[in-house]
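The structure appears right after this line, and notes come after that.
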Amino acid sequence: MSPLRYHIMRLRGIVLFGTLLILGSSIAIAQPWINDSLQNFYEVQRAAQEYWKDRPIEKGQGWKQFKRWEWFWEQRVAPSGEFPNPMQLLMERPVLKDKGSKIEKTLGTSSTNPWTFIGQSESEGGYFGLGRINSVITNPGNANIIWVGSGSGGAWKSTNGGTSWTCYTDALPTLGVGDIAIDPTNTNVIYLATGDGNASSAYSVGVLKSTDGGETWNTTGLNYTTTQGRVMSRILINPSNSSIVLVATNNGIFRTTNGGTSWTQVQAGNFKDMEFKPGDPSVIYAGTSNGGVFRSSNSGSSFSQITSGLPTTNGGRIEIAVSPAEPEIAYALFASSTTNGFLGLYISYNSGLTWSLASNSPNILDGSVTGNTNSGQGWYDLALAVSPVDAAEVFVGGLNVWRSQDAGSTWTRLTHWYDLGNNSPTIHADQHCLYFAPGTSRLFAANDGGLYTSTNSGNSWSWIGNGLRITQFYRLGTSASSSSKYIFGAQDNSTKYYNGSSWMEIATGDGMESAIDPSNENIVYTSSYYGALQRSLNGGSSFASIRPTQSNGSWITPYMLNPQNPSTIFAGYTNVWKSLNRGSTWTQISSFSGSSTLNVLQVAPSDSNTIYVSTGSTSIRRTMNGGGTWTTLNLPVSNTLTYLAIHPNNPQHIWATFSGYSAGNKVFVSTNGGSSWANISGSLSNIPVNCIVYQNNSPNRIYVGTDVGVYYLDSTISDWEDYNQSLPNVIINELEIQYSSGKLRAATYGRGAWEANIVTTSINVGSVPAQVCQGGALSLPISSSGLLNSGNTYTAQLSSSTGDFTSPIPIGSLTATGSGTI
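In the working numbering, the protein residues as written are 152 to 973.
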């Protein structure tokens, strides 16, 4: 007998048997800001602030993940703090209406200007990456067919072991995927547990099912129609009877016996993980978010809590793992509810009836090299896997990946989230899933950067995330002079800059608002959370801080280059700051009281002395003299103000967009600088509107980005037009126009960066007298001032007794013979 086998047998012999206790229906989870008993946003926010009041705000503590959650939901909740109906997107998205339970793959209704993905789809991996993966699974019997579920970028499939990827969920009402399950008897049958199961930052619409390999999806009997947002983290298909499916949610464990037609809650509580006993699916283990381990012996018809040998206090999130090499062995990984660090790994040798502590040190959940801190992010990143051929080989993921080869007694760190320079493998931080392809030694690690794999027990790792278009972009900047240069700030994965020929991964942390100087493309700006502004003078090769104040700004702090003179920058923290030398020095130009931070800042293109700012609440502030005096003006609705656009020639003509789910209160316009407003929401669906951009030299055309795509409106049409051909049903965080190429660009929250042609102006002047003048210029009457704008190309269709012809006419060849200007 090997020493390792002897070690397992010795531990098995000293396990004590205990009693079973049933947990009540009310469960508080490890982190109070996502406590299931708190159903109001402001209650959760206050609980989080209280929790963090006396705790260090450092990397690896979980504060950043809370702030992301707060930023996402604060805009979307009702003024009362009530969370929205998670089925709202399914009910409101026009392309999805009137199709019953079937969700088709067709995207958008415009056929003339399809959207094109522009990046980023490749990364070097390691410290950098492309986006967050929550789950990974391989097809039964074929480990080269891989499915992954991303935080807000959908479900992706590879048929060649991760060399290339295809998305199968772009038409779904939510692109958050917590977990994926594949029917072992029919791999065309796939279930999705929708929503973001780790950070709660994407909608869940329940369990979806495909019977054609992911080509189309159908809702099941478990779909959410109440205002209580739900989170799903794990879904299992019974290998002996695939009609039995279980899903772990923050509202309990649900079970279907008819392939998803109807579901029953078989256990109340907030559950994060479940596993079948290998070879015996009548036995199921389940872990909660607050230290509870449950067991079923009847295929999930009922569960009982197990307490023998397990911690009774300070238990947080739990992950479960098993191995077919030793079916009786089960592991339970506990995070601490007080520190979110490593509380302990527990092992059972009798199918989960009793447990014992394998180890509780070092802190294998923290981000350090040696695990010598007392903190971690166990509520957010927690992963556990056991070798399918050796039940004593255990892998744990927190910020890094650790391995034990003696059933959890001792640990070795395998990876680190930044390059240590000592040949230690570098993979991205925040592990969400460790998974062995059944019947193989191939181990996958899914994290905030993407997907990695190892075939030698984690000693080395390969990055296989290229091709996953799942980046969560917050903001973008585009070059005015070059059509092929743009920069995007990404959650988790720094700032991505396309320099005209290749992508550069620059700066650090979460990338936010970014910009390229229109007068000098080598001057590039980016930022991170709370207003950590940075500037590069060499095209992104290196950056230096130009932060104007040590006071924190908003999660996404707004700043803007002066449209008339880009060497002048304006930035909004609790007050407005101005720099005349590209951020080298700053001057405060407002004296607002209070501690609220600004999240909207816009400078009028035609008058940089006119500036609008807002905290996003019930009012905006306006200055018309460069900050000398500020006027407070009421907003037309109480929803969160998300963005402002200003007419290029009239600083008093402004448009405002609003988030939330107040029907008919999405977009407003003011022609007197915000003193009064007119509602132009029209038939826009009752979903959050996140951004707006005005198209210069157009009939007052505006584009808005929503939680499910882009729409536009101008003075030539009576209502909003869908502008989503080929664009996934994804959250749009920001829009910008690159005029030399005529491109509208979008920063999406989960599907990377996209662009489409801007709408071209069509003018019908009817049947009018016209003549071709000397030199070939066309003369025709113009009856409305400003109808034709310099810089556009128009098409004239001329009729005569000898025939018709159509020709593009540059603006310089048009001559007005009636009233109006050209």
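We put the beta carbon where it would ideally sit given N, CA and C, even for glycine.
In this text, all values refer to a predicted model and were calculated from it rather than measured experimentally.
From the options, residue whose alpha carbon lies closest to that of residue i
i, options, result
"Ser450", "Ile697, Ser744, Val396, Tyr497", "Val396"
"Asp541", "Gly572, Asp532, Leu508, Pro589", "Pro589"
"Val356", "Asn191, Asp363, Pro324, Ala419", "Pro324"
"Pro291", "Asp334, Gly313, Ser303, Thr317", "Asp334"
"Ala658", "Ile882, Thr577, Ser687", "Ser687"
"Glu366", "Thr338, Asn650, Phe809", "Thr338"
"Tyr637", "Arg620, Ile621, Glu656", "Glu656"
"His583", "Gly860, Lys423, Thr622", "Lys423"
"Asn823", "Tyr763, Tyr710, Thr458, Arg219", "Tyr763"
"Val340", "Ala558, Thr774, Thr407, Leu359", "Leu359"
"Ser849", "Ser575, Arg406, Ser832, His798", "His798"
"Arg385", "Gly372, Ala399, Asn374, Leu373", "Ala399"
"Gly660", "Ser652, Gly312, Glu672, Thr677", "Thr677"
"Asn389", "Gln226, Thr336, Asn421, Ser351", "Thr336"
"Arg593", "Ile615, Thr577, Asp581", "Ile615"
Neighbour-count burial assignment, residue i, 16 or more Cβ in a 10 Å radius
i, result
"Val727", "buried"
"Ala829", "exposed"
"Ile178", "Model confidence at Ile178 stands at a pLDDT of 28, short of 50, so the residue's coordinates are unreliable and nothing is read from them."
"Leu571", "exposed"
"Tyr586", "buried"
"Ile868", "exposed"
"Tyr500", "buried"
"Asn689", "exposed"
"Arg564", "buried"
"Asn525", "exposed"
"Gly430", "exposed"
"Tyr569", "exposed"
"Gly600", "buried"
"Phe192", "buried"
"Ser512", "exposed"
"Gln528", "buried"
"Asp517", "buried"
"Gln701", "exposed"
"Thr289", "buried"
"Gln846", "buried"
"Ala814", "exposed"
"Trp414", "buried"
"Ser488", "buried"
"Asp363", "exposed"
"Glu426", "buried"
Chain B within 7 angstroms of residue i, Cβ atoms only
i, result
"Asp858", "No chain B appears in this structure, which consists of one protein chain only."
CB contact flag (residue i, residue j, <7 angstroms)
i, j, result
"Asn409", "Ser391", "no"
"Ala472", "Asn880", "no"
"Ser519", "Leu496", "no"
"Val788", "Asn816", "yes"
"Asn644", "Gly280", "yes"
"Trp905", "Trp316", "no"
"Tyr874", "Val861", "yes"
"Glu872", "Cys842", "no"
"Thr629", "Gln889", "yes"
"Arg620", "Ser877", "no"
"Ser770", "Asn790", "no"
"Gly466", "Gly442", "yes"
"Ile515", "Val537", "no"
"Ile838", "Gly778", "no"
"Ala199", "Phe223", "no"
"Leu326", "Gly901", "yes"
"Pro756", "Pro717", "no"
Whole-Å CB distance - residue i paired with residue j, under 8 angstroms assumed
i, j, result
"Ala898", "Phe639", "6 angstroms"
"Arg772", "Thr782", "7 angstroms"
"Asn401", "Val382", "4 angstroms"
"Ile498", "Gly559", "6 angstroms"
"Ile284", "Ala597", "4 angstroms"
"Lys428", "Ser502", "6 angstroms"
"Gly723", "Leu684", "In fact, because the Cβ distance is near 11 angstroms, the residues do not count as touching under 8 angstroms."
Which ranges does the beta strand (DSSP E) cover as unbroken runs of at least 3 residues, wholly within the segment 413-486, from first to last along the chain?
415-418, 422-428, 431-439, 444-447, 455-457, 466-473
List in chain order: all unbroken alpha helix (DSSP H) runs of 4+ residues lying wholly within the segment 275-336.
none
Could you tell me which uninterrupted beta strand (DSSP E) segments, each at least 3 residues in length, are contained entirely in the segment 618-659, listed from first to last along the chain?
Those beta strand (DSSP E) runs which fall completely within the segment 618-659 and span 3+ residues are 624-629, 637-641, 646-649, 654-657.
Ignoring anything shorter than 3 residues or poking outside the segment 747-819, list the beta strand (DSSP E) runs there in chain order.
751-755, 758-765, 770-774, 782-785, 792-797, 805-809
Output the residue ranges of the alpha helix (DSSP H) runs that lie fully inside the segment 653-711 and measure 4 residues or longer, sorted by chain position.
With a minimum length of 4 residues, no continuous alpha helix (DSSP H) run stays inside the segment 653-711.
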